[in-house]
Amino acid sequence: MFEVRIHGRGGQGVVTAAEMLSIAAFEEGRHAQAFPSFGSERTGAPVVAFCRIADQEIRLREPIMYPDALIIQDPTLLFQVDVFSGLKKDGYILINTKSTFDELGLSDYVRDWPADRLCTLAATDLGLKHVGRPMPNVPLLAGFAALSGITKLESVCKAIGAKFSGKVAQGNIAGATEAFELVRARIESARKEAAHA
Amino acid sequence: MLKQTEGSHAVAEAVALCRPEVICAYPISPQTHIVEGIGEMVKSGELTDCEFLNVESEFAAMSVAIGSSAAGARTYTATASQGLLFMVEAVFNASGLGLPIVMTVANRAIGAPINIWNDHSDSLSQRDCGWIQLFAETNQEALDLHIQAFKLAEEVSLPVMVCMDGFILTHAYERVDMPTQAQVDAYLPPYEPRQVLDPAEPVSMGAMVGPEAFMEVRYLAHAKQMHALELIPQLGDEFKKVFGRDSGGLIRSYSIDDAETVVVAMGSILGTIKDVVDEMRADGEKIGVLGITSFRPFPITAIREALKNAKRVVVLEKSLAVGRGGILASDVRKALRKQPVDVFTVIAGLGGRAITKKSLHALFLKLALETEESLTFLDLDWGVVNRQLERERQTRRSGPAAENMLRDIGTVASKIA
Numbered sequence: 023m024f025e026v027r028i029h030g031r032g033g034q035g036v037v038t039a040a041e042m043l044s045i046a047a048f049e050e051g052r053h054a055q056a057f058p059s060f061g062s063e064r065t066g067a068p069v070v071a072f073c074r075i076a077d078q079e080i081r082l083r084e085p086i087m088y089p090d091a092l093i094i095q096d097p098t099l100l101f102q103v104d105v106f107s108g109l110k111k112d113g114y115i116l117i118n119t120k121s122t123f124d125e126l127g128l129s130d131y132v133r134d135w136p137a138d139r140l141c142t143l144a145a146t147d148l149g150l151k152h153v154g155r156p157m158p159n160v161p162l163l164a165g166f167a168a169l170s171g172i173t174k175l176e177s178v179c180k181a182i183g184a185k186f187s188g189k190v191a192q193g194n195i196a197g198a199t200e201a202f203e204l205v206r207a208r209i210e211s212a213r214k215e216a217a218h219a
Numbered sequence: 004m005l006k007q008t009e010g011s012h013a014v015a016e017a018v019a020l021c022r023p024e025v026i027c028a029y030p031i032s033p034q035t036h037i038v039e040g041i042g043e044m045v046k047s048g049e050l051t052d053c054e055f056l057n058v059e060s061e062f063a064a065m066s067v068a069i070g071s072s073a074a075g076a077r078t079y080t081a082t083a084s085q086g087l088l089f090m091v092e093a094v095f096n097a098s099g100l101g102l103p104i105v106m107t108v109a110n111r112a113i114g115a116p117i118n119i120w121n122d123h124s125d126s127l128s129q130r131d132c133g134w135i136q137l138f139a140e141t142n143q144e145a146l147d148l149h150i151q152a153f154k155l156a157e158e159v160s161l162p163v164m165v166c167m168d169g170f171i172l173t174h175a176y177e178r179v180d181m182p183t184q185a186q187v188d189a190y191l192p193p194y195e196p197r198q199v200l201d202p203a204e205p206v207s208m209g210a211m212v213g214p215e216a217f218m219e220v221r222y223l224a225h226a227k228q229m230h231a232l233e234l235i236p237q238l239g240d241e242f243k244k245v246f247g248r249d250s251g252g253l254i255r256s257y258s259i260d261d262a263e264t265v266v267v268a269m270g271s272i273l274g275t276i277k278d279v280v281d282e283m284r285a286d287g288e289k290i291g292v293l294g295i296t297s298f299r300p301f302p303i304t305a306i307r308e309a310l311k312n313a314k315r316v317v318v319l320e321k322s323l324a325v326g327r328g329g330i331l332a333s334d335v336r337k338a339l340r341k342q343p344v345d346v347f348t349v350i351a352g353l354g355g356r357a358i359t360k361k362s363l364h365a366l367f368l369k370l371a372l373e374t375e376e377s378l379t380f381l382d383l384d385w386g387v388v389n390r391q392l393e394r395e396r397q398t399r400r401s402g403p404a405a406e407n408m409l410r411d412i413g414t415v416a417s418k419i420a
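Protein sequences appear in the order of chains U and G. As numbered in this note's numbering, the first sequence has no gaps in its residue numbers, which increase by one up to the final residue, 219. As numbered in this note's numbering, the second sequence has no gaps in its residue numbers, which increase by one up to the final residue, 420.
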């Protein structure tokens, strides 16, 4: 079972992102379970959503406390919420930011991490560029597909089609495609650097 | 057809496939997505011959449901928590009148303190209201139980609540197999009421009944629920023939044949318990699970039979009878009154407290060593409780307990679960 926790703020499509990840996995014939952690949901308040992916029926209903991967939709949460709580060693981390892990002050935390499991992506800008709204969720999801390999870009696009239609769907697919390529290129160069080191 | 969708949406689609004629809706979390979904289907024309009414309260929702059901329309509504409590007078009337309304209860805690999260306090507060109550373990079962519920309700002329865990199921995206209209039509015939308000053949419904017949009317309601005990497994069998899967029934067991310890529970927590049982079985523990699908009527005979070899029964419930202990546990105890077996009561998950595998594992190991029947509050924070008790000892005007305890705990926004 592969467990993903998504952190963000109310209004950033955190819950939708988890749902779309589950749809993408379902499109590949896998079992998936997405659910939100409902708190006092307000625009801007911290929100957490979860997604489990497995090859057999998922019966477990507890929150994801030991994730294999984290998607952080808002880097300001790093100083407010214990986002790394329970993250498995060498787990995937994708953060929506223009900064690097070093600039975010995370170099100590990820010191021994494999470089191809870490990525930052300016996803809000991609949302603005392609959909006209500062929504980082879809670019992050596509970036996460490239980072983790858990789903194909094609399946993310199918999930976009399940949630959106018309121009919004087209914009999201364009944003997803750009995000996927950006992250894939970064991961490849990280792997090359690691091979040379 | 297999699809990945939200529990609420799956239920909305299933209800629409049952060709309801009247839906009355008043929004309350975590039920709202269901009636919203059906509303969209009525508006788009996907669901025809159906009157969708926005009412001004839950009391109005159940009142409208009573009226439309009495007029011969297949009627559906949904509610939760305070909404269910607000409609209670009409809830009793619906069953007293023998009207086959189907209602989803998206289970949620009851205030005060106000809390929007899941537990079973709302449905279980209505355990004696005369409605049949079925509990779903998964979204697939929730969907399937709604289809069975209409058939059951109309067969015995009693209303049915389909209870599904709020948020945990209603807001979860998971895989469901959505039946076709042809399958549902083959299973569920058009509604033929036993009683109907018809100007051509006038009858009175809801007239006063004095001491000369009130007992008989009430007894008949009980007899109908006892009849439902036979009908529920039959409807499950028929369901399997048409839809090809096991769903419904009175109880569902897992790994209990040689089990010394059997955990009894209702709803979505059964999935987590099954995972724990598999882990403990791998360690050699003889443990199993019994899920109760039909809480009302309560299947005493079936439970007794299923637990006949158990040495220890752990009833894990998301409800609390304050001043008494477990609600489900008391009913299970009654079923086992002649068996030499200890029944342990565990109150868990109130107000959305996460029930984790880790806590369950430790709990079951601990209870396996106990010899006296006990009442446990799973993962209760004794530090917080004791501080408040101490405060109440020290100060007469100790203030609101909930506010004090929240202050003691401090910020929770930074925590994950």
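Where a beta carbon is used, it is the ideal one built from N, C-alpha and C, also for glycine.
#### Entry: Local conformation of residue 101 of chain G per DSSP, three classes
Residue 101 of chain G sits at position 98 when you count from the first residue of the second sequence. In the structure shown, the three-state DSSP call for residue 101 of chain G is coil.
### Task
Could you list the residues in the segment 145 to 172 of chain U with a C-beta less than 9 Å from some C-beta on chain G, going in chain order?
Those would be none; no residue qualifies.
### Message
List, from N- to C-terminal side, the alpha helix (DSSP H) runs of 4 residues or more that fit wholly inside the segment 274 to 348 of chain G.
### Response
Secondary structure remark: continuous alpha helix (DSSP H) runs of at least 4 residues inside the segment 274 to 348 of chain G, in chain order: 303 to 309 and 331 to 338.
### Task
Could you check if residue 154 of chain G is buried or exposed, using at least 16 other CB atoms within 10 Å of its CB as the buried criterion?
For the purposes of this step, residue 154 of chain G is identified with residue 151 of the second sequence, where counting begins at 1. The residue in question, residue 154 of chain G, is buried, as its Cβ has 16 or more Cβ neighbours within 10 Å.
### Task
Please report the residue range of the alpha helix (DSSP H) in which residue 146 of chain U lies.
Numbered from 1 along the first sequence, position 124 holds the residue referred to as residue 146 of chain U. Residue 146 of chain U -> alpha helix (DSSP H) spans 145 to 153.
### Query
Does any CB atom of chain U fall closer than 9 Å to the CB of residue 178 of chain G?
Along the second sequence, one-based indexing puts residue 178 of chain G at 175. The beta carbon of residue 178 of chain G falls within 9 Å of a beta carbon belonging to chain U, placing the residue at that interface.
### Query
Identify the residues that DSSP records as bridge partners of residue 110 of chain G: which are they?
The residue given as residue 110 of chain G occupies position 107 in the second sequence. G:168.
### Task
Could you check the C-alpha separation between residue 300 of chain G and residue 39 of chain G for me, to the nearest Å?
Your numbering for residue 300 of chain G matches position 297 in the second sequence. Your numbering for residue 39 of chain G matches position 36 in the second sequence. Roughly 30 Å separates the two Cα atoms.
### Proximal residues of chain U, C-beta to C-beta of residue 271 of chain G below 8 Å
Translated into positions along the second sequence, residue 271 of chain G becomes position 268. 83, listed in chain order.
### Message
Assuming the contact rule is C-beta atoms closer than 8 Å, residue 347 of chain G and residue 370 of chain G should be a hit. Round their C-beta distance to whole Å, please.
### Response
Your numbering for residue 347 of chain G matches position 344 in the second sequence. Your numbering for residue 370 of chain G matches position 367 in the second sequence. Contact annotation, residue 347 of chain G with residue 370 of chain G: C-beta distance approximately 5 Å; criterion of less than 8 Å satisfied.
### Message
Does the contact criterion of 3 or more C-beta pairs under 8 Å hold for the segment 315 to 327 of chain G versus the segment 348 to 355 of chain G?
### Response
Verdict: yes, contact present.
### Query
In chain order, which continuous runs of the alpha helix (DSSP H) of length 4 or greater are located wholly inside the segment 28 to 78 of chain U?
If you keep only unbroken alpha helix (DSSP H) runs of at least 4 residues inside the segment 28 to 78 of chain U, you get 36 to 49.
### Task
Enumerate in chain order the residues of its own chain whose CB-to-CB distance from residue 38 of chain U is below 7 Å, with the five nearest sequence positions on each side excluded.
For the purposes of this step, residue 38 of chain U is taken as the residue at position 16 of the first sequence. Taken in chain order, the residues that qualify are 159 and 185.
### Message
Can you confirm whether residue 78 of chain U, when its beta carbon is compared against all beta carbons of chain G, has any partner nearer than 9 Å?
### Response
The sequence position of residue 78 of chain U within the first sequence is 56, counting from 1. So no, residue 78 of chain U is outside the interface.
### Message
Tell me which residue opens and which closes the alpha helix (DSSP H) that residue 246 of chain G is part of.
### Response
Residue 246 of chain G sits at position 243 when you count from the first residue of the second sequence. First-last of the alpha helix (DSSP H) with residue 246 of chain G: 217 to 246.
### Task
Starting from the beta carbon of residue 195 of chain U, find every residue of chain G whose beta carbon is closer than 7 Å, and list them in chain order.
Numbered from 1 along the first sequence, position 173 holds the residue referred to as residue 195 of chain U. Correct list: empty, because the minimum Cβ distance to chain G is about 19 Å.
### Query
Which term fits residue 104 of chain U, buried or exposed, when burial requires 16 or more other beta carbons within 10 angstroms of its beta carbon?
Here residue 104 of chain U refers to the residue found at position 82 when the first sequence is read from its first residue. Under the 10 Å beta carbon count, residue 104 of chain U is surrounded by fewer than 16 other beta carbons and is classified as exposed.
#### Entry: Cβ contact (3+ pairs, closer than 8 Å) linking the segment 69 to 89 of chain U and the segment 260 to 276 of chain G
The segment 260 to 276 of chain G and the segment 69 to 89 of chain U touch, with three or more beta-carbon pairs separated by less than 8 Å.
### Message
Checking 9 Å against the spacing of the C-beta atoms, do residue 79 of chain G and residue 18 of chain G come in under that value?
### Response
Within the second sequence, numbered from 1, the residue matching residue 79 of chain G stands at position 76. Within the second sequence, numbered from 1, the residue matching residue 18 of chain G stands at position 15. Contact: yes.
### Task
Measure from the C-beta of residue 55 of chain U to each C-beta in chain G and report whether the shortest distance is under 9 Å.
The count along the first sequence starts at 1 and reaches residue 55 of chain U at position 33. The beta carbon of residue 55 of chain U falls within 9 Å of a beta carbon belonging to chain G, placing the residue at that interface.
### Query
For residue 339 of chain G, which residues from the same chain have a beta carbon less than 7 Å from its beta carbon, with the 5 sequence-adjacent residues on both sides left out?
The count along the second sequence starts at 1 and reaches residue 339 of chain G at position 336. Taken in chain order, the residues that qualify are 307, 310, 316 and 346.
### Query
For chain U, is any of its Cβ atoms less than 9 Å away from the one on residue 170 of chain G?
As a working note, residue 170 of chain G is residue 167 in the second sequence. Cβ-Cβ to chain U under 9 Å: yes for residue 170 of chain G.
### Task
Take residue 50 of chain U and list the residues in its own chain whose beta-carbon comes closer than 8 Å to its own, dropping the five residues that flank it on each side.
As a first step, residue 50 of chain U must be located in the first sequence, where it is residue number 28. Within the same chain, residue 50 of chain U has close Cβ partners 173, 174 and 177.
### Message
Just to make sure I have the definition right: I need the residues of chain U whose C-beta is within less than 9 Å of the C-beta of residue 405 of chain G. Which are they?
### Response
As a position in the second sequence, residue 405 of chain G is number 402, starting the count at 1. Result: empty, since nearest Cβ-Cβ is about 15 Å, beyond 9 Å.
### Query
Does any C-beta atom of chain G lie closer than 9 Å to the C-beta of residue 48 of chain U?
Locating residue 48 of chain U in the first sequence gives position 26, where the first residue counts as 1. Interface residue (Cβ-Cβ distance to chain G less than 9 Å): residue 48 of chain U is classified as such.
### Neighbourhood of residue 362 of chain G by C-beta distance below 7 Å, restricted to the same chain and skipping five residues each side
For this step, residue 362 of chain G is matched to residue 359 along the second sequence. Closer than 7 Å at the Cβ level, and outside the excluded window around residue 362 of chain G, lie 381 and 382.
### Query
For residue 439 of chain G, which beta-bridge partners are listed by DSSP?
Because chain G here runs from 4 to 420, residue 439 of chain G falls outside it and cannot be looked at.
### Query
Quick one: what's got a C-beta closer than 8 Å to residue 52 of chain U's C-beta in the same chain, skipping five residues either side?
As a first step, residue 52 of chain U must be located in the first sequence, where it is residue number 30. Excluding residues up to 5 positions away in sequence, 75, 76 and 77 lie with their Cβ nearer than 8 Å to the Cβ of residue 52 of chain U in the same chain.
### Message
Can you look up residue 208 of chain U in the DSSP assignment and give me helix, strand or coil?
### Response
Mapped onto the first sequence, residue 208 of chain U falls at position 186. In the structure shown, the three-state DSSP call for residue 208 of chain U is helix.
### Query
Who are the near neighbours of residue 66 of chain U in its chain, counting only those whose CB is closer than 8 Å to its CB and skipping five residues on each side?
The residue labelled residue 66 of chain U in the question sits at position 44 within the first sequence. So the list reads 31, 32 and 33, once near-sequence residues are dropped.
### Query
Tell me which same chain residues have a C-beta within less than 6 Å of the C-beta of residue 213 of chain U, skipping the five on either side of it?
Locating residue 213 of chain U in the first sequence gives position 191, counting from the first residue. These residues qualify, in order along the chain: 138.
### Task
Select from the segment 349 to 365 of chain G all residues with a C-beta closer than 7 Å to any C-beta belonging to chain U, and list them in chain order.
For the segment 349 to 365 of chain G, which is checked against every Cβ of chain U, the residues closer than 7 Å are 357, 358, 359 and 360.
### Query
So what does DSSP say about residue 6 of chain G, is it helix, strand or coil?
Against the second sequence, residue 6 of chain G aligns to sequence position 3. Residue 6 of chain G falls in the strand class under three-state DSSP.
### Message
Please report whether the beta-carbon of residue 278 of chain G lies at a distance below 9 Å from any beta-carbon of chain U.
### Response
Within the second sequence, residue 278 of chain G is the residue found at index 275, counting from 1. For residue 278 of chain G, the nearest CB of chain U lies under 9 Å from its own CB, placing it at the interface with that chain.
### Task
Indicate whether at least one CB of chain G lies closer than 9 Å to the CB of residue 187 of chain U.
Residue numbering aside, residue 187 of chain U sits at position 165 when the first sequence is read from its first letter. So, not an interface residue.
### Query
If you measure from the beta carbon of residue 45 of chain U to each beta carbon in chain G, is any gap under 9 Å?
Taking the first residue of the first sequence as position 1, residue 45 of chain U is located at position 23. It does; some Cβ of chain G falls within 9 Å.
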